[in-house]
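Enquirer: Going down the list, the sequences are from chains B and R.
Using the numbering used here, read the first sequence as starting at 74 and increasing by one per residue.
Using the numbering used here, read the second sequence as starting at 158 and increasing by one per residue.
Here a beta-carbon is modelled for each residue, glycine too, at the ideal position from N, C-alpha and C.
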Amino acid sequence: MHQVNLETNIMELNEEIAAENKEIFLDHNLFTANLMSAPGAGKTTVLEETIRRIKKDYRLGVIEGDLMTTIDADRIAALGVPAFQITTGTVCHLDARMIHNALKSFDIHNLDLLFIENVGNLVCPAEFNLGEDLRVMVYSTVEGEEKPKKYPMMFHEAEAVILNKIDLLPYAGVDLDQLKKNVLEVNPSAIIFPVSCRTGEGLDEWVDWLKSRIEKSRETMSERDRTRSHAHHHA
Amino acid sequence: MHEMSIMEGVLTLAGNEAGKHGYQKITRIKLRIGEFRGVVREALEFAFDAMKGDTAAKDAVLEIETVAIRLECPNCKEIEYIPGDLNLLCPGCGSPVEFAAGREMQVEYVDME
């Protein structure tokens, strides 16, 4: 018997492809945002409202993930934005390879911002790095205050958490302050945006933050390009 | 059921490793999975049984060690984790705390012959 000590990350194969994706995104100055949530939290509606507010500033593309149908990609395409639908069949998440393959459907030289709407699921997508710049979680506030404590992984992985459907809070009897507190307990650095896609409340704050986040990332990218061309110059 | 995808990765990693060392048969795979990962042990075991069939690991034993969550505050050092009530804000000083353990997702070793 021969024992090989690996101590290797189980997700290594996905991580390798995610790193390739990351390189492609960097080479094309393409900012990518991965939207995750349970089914029905309002990812697509948040995305539509975001696109309406942001499409004059950036050349957009959207990858949609669902088990079946092209309903979501059709909704995005109706806004005049190139959209590609991944239908996973039974797979409960998007992985780096699916994104790698989907990129072939876009003219990525002419894109500034790519949204990836993950499969609706409160657990699995958080485990799969796609090589994205930003992870955003959308949560439907009417589902209650306690979900961040019960299903902490995705909340923990997100840089920004959008608390959607706040117009329904009075009917649902959900305490927004308690919900925010629970989000911060599982992710102390989370940036929280309470929004309503019905009334429009909070959406501008979210979009302003997203824009500044993209610009910050671009500064880092051009910094990297300068370092590279500098290194090249001296080679 | 992303455990299927995860197990596919495990079997590929283990198979590659056996091939690299010139062995045909994998007899044991040892995993370390942190409590704070979205992975269900039973689902992983089910995936292993369902997928090992035509691989070098078809007669292998799958051993899964669950690694408990341990939290550490930069100021107050180890803080108590109350199972089911994850709070990453230190009860002592309010600082964000880090996972000292519980985020593992590792193939620890592979036995082959």
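#1: Kindly indicate if chain B contains any beta-carbon less than 8 Å away from that of R:Gln181.
#2: Examine chain B for any beta-carbon lying closer than 8 Å to the beta-carbon of R:Asp216, and answer yes or no.
#3: Which residue or residues does DSSP assign as beta-bridge partners of B:Phe104?
#4: Looking at the unbroken beta strand (DSSP E) that takes in B:Thr214, where does it start and where does it end?
#5: For chain R, is any of its Cβ atoms less than 8 Å away from the one on B:Ala199?
#6: Run the CB neighbour count on B:Gln158, radius 10 Å, all protein chains shown included, and call it buried at 16 or more, exposed below.
#7: With H, G and I counted as helix, E and B as strand and the rest as coil, what does DSSP make of R:Asn173?
#8: May I ask you to report which of helix, strand or coil DSSP gives R:Glu255?
#9: Where B:Phe228 and B:Asp168 are concerned, what is the direct C-alpha to C-alpha distance, given to the nearest angstrom?
#10: Any heavy atom of the ligand FAD closer than 7 Å to the Cβ of B:Ile124?
#11: Which residue spans inside the segment 75-151 of chain B form an unbroken beta strand (DSSP E) run of at least 3?
#12: Let's test the definition: count the other Cβ atoms within 10 Å of the Cβ of R:Gly166 and tell me whether it reaches 16, buried, or not, exposed.
#13: If you measure between the beta carbons of R:Gly249 and R:Cys233, is that distance less than 8 Å?
#14: What first and last residue would you give for the beta strand (DSSP E) that runs through R:Glu220?
#15: Could you give the DSSP three-state label for R:Arg300: helix, strand or coil?
#16: Alpha carbon to alpha carbon, how far is R:Glu160 from B:Gly204? Give it in angstroms, no decimals.
#17: Of all the options B:Lys253, B:Lys238, B:Arg132 and B:Pro243, which has the alpha carbon lying nearest to the alpha carbon of B:Cys270?
#18: Give the DSSP-derived three-state secondary structure of B:Leu48 in the structure shown.
#19: Which residue or residues does DSSP assign as beta-bridge partners of B:Thr300?
#20: Name, please, each residue of chain R whose Cβ falls closer than 8 Å to the Cβ of B:Met210.
#21: Pull up the distance between the alpha-carbon of B:Arg291 and that of R:Phe205, whole angstroms please.
#22: Any idea what DSSP makes of B:Glu274, helix, strand or coil?
#23: Considering only C-alpha positions, which residue in the set B:His173, B:Asp130, B:Glu190 and B:Thr160 is nearest to B:Ile149?
#24: Of the residues B:Lys284, B:Gly275 and B:Arg297, which one's Cα is nearest the Cα of B:Val119?
#25: Give a yes or no on whether the minimum CB-CB distance between B:Glu85 and chain R is below 8 Å.
#26: Just to confirm, are R:Tyr238 and B:Val77 a CB contact at a threshold of 8 Å?
Expert: Well, looking at it:
#1: Here residue 181 of chain R refers to the residue found at position 24 when the second sequence is read from its first residue. No, R:Gln181 does not count as interfacial toward chain B.
#2: Position 59 of the second sequence holds residue 216 of chain R. No - not a single Cβ of chain B is within 8 Å of the one on R:Asp216.
#3: Taking the first sequence and counting its residues from 1, one reaches residue 104 of chain B at position 31. DSSP lists B:Leu186 as partners of B:Phe104.
#4: Counted from its first residue, the first sequence places residue 214 of chain B at position 141. Counting along the chain, B:Thr214 falls outside any beta strand (DSSP E), and DSSP gives it neither H nor E.
#5: On the first sequence, residue 199 of chain B is found 126 positions in, with the first residue counted as 1. With 8 Å as the cut-off, B:Ala199 counts as an interface residue toward chain R.
#6: Here residue 158 of chain B corresponds to residue number 85 of the first sequence, with the count starting at 1. Burial call: buried.
#7: On the second sequence, residue 173 of chain R is found 16 positions in, with the first residue counted as 1. Here R:Asn173 sits in helix by DSSP.
#8: The sequence position of residue 255 of chain R within the second sequence is 98, counting from 1. Strand.
#9: Stepping through the first sequence from its first residue, residue 228 of chain B is reached at position 155. Stepping through the first sequence from its first residue, residue 168 of chain B is reached at position 95. Using only the alpha carbons, I get a separation of about 18 Å.
#10: No copy of the ligand FAD occurs in the structure displayed, which carries no ligand at all.
#11: 75-82, 104-109 and 133-139
#12: Along the second sequence, one-based indexing puts residue 166 of chain R at 9. So R:Gly166 ends up on the buried side.
#13: As a first step, residue 249 of chain R is located in the second sequence; it is residue number 92 there, counting from the start. As a first step, residue 233 of chain R is located in the second sequence; it is residue number 76 there, counting from the start. Yes, the Cβ-Cβ distance between R:Gly249 and R:Cys233 is below 8 Å.
#14: Residue mapping note: residue 220 of chain R aligns to position 63 of the second sequence, counting from 1. First-last of the beta strand (DSSP E) with R:Glu220: Val218 to Val224.
#15: With chain R covering only 158 through 270, there is no way to say anything about residue 300 of chain R.
#16: Within the first sequence, residue 204 of chain B is the residue found at index 131, counting from 1. Within the second sequence, residue 160 of chain R is the residue found at index 3, counting from 1. Each residue's Cα considered, the two are about 20 Å apart.
#17: Within the first sequence, numbered from 1, the residue matching residue 270 of chain B stands at position 197. Checking every option, the nearest Cα to that of B:Cys270 belongs to B:Lys238.
#18: Here chain B has residues from 74 to 308 only, and residue 48 of chain B is not among them.
#19: As a position in the first sequence, residue 300 of chain B is number 227, starting the count at 1. Note: B:Thr300 sits in no beta bridge, so no partner.
#20: Within the first sequence, numbered from 1, the residue matching residue 210 of chain B stands at position 137. None at all; the shortest Cβ gap to chain R is about 13 Å.
#21: Locating residue 291 of chain B in the first sequence gives position 218, counting from the first residue. Locating residue 205 of chain R in the second sequence gives position 48, counting from the first residue. One C-alpha to the other measures close to 43 Å.
#22: Indexing the first sequence from 1 puts residue 274 of chain B at position 201. B:Glu274: coil per DSSP, three-state reduction.
#23: Numbered from its first residue, the first sequence carries residue 149 of chain B at position 76. That would be B:Glu190, whose Cα lies nearest to the Cα of B:Ile149.
#24: Along the first sequence, read from residue 1 onward, the residue named residue 119 of chain B stands at position 46. Nearest option by C-alpha distance: B:Gly275.
#25: As a first step, residue 85 of chain B is located in the first sequence; it is residue number 12 there, counting from the start. It does; some Cβ of chain R falls within 8 Å.
#26: Along the second sequence, read from residue 1 onward, the residue named residue 238 of chain R stands at position 81. Along the first sequence, read from residue 1 onward, the residue named residue 77 of chain B stands at position 4. Cβ atoms of R:Tyr238 and B:Val77: not closer than 8 Å.
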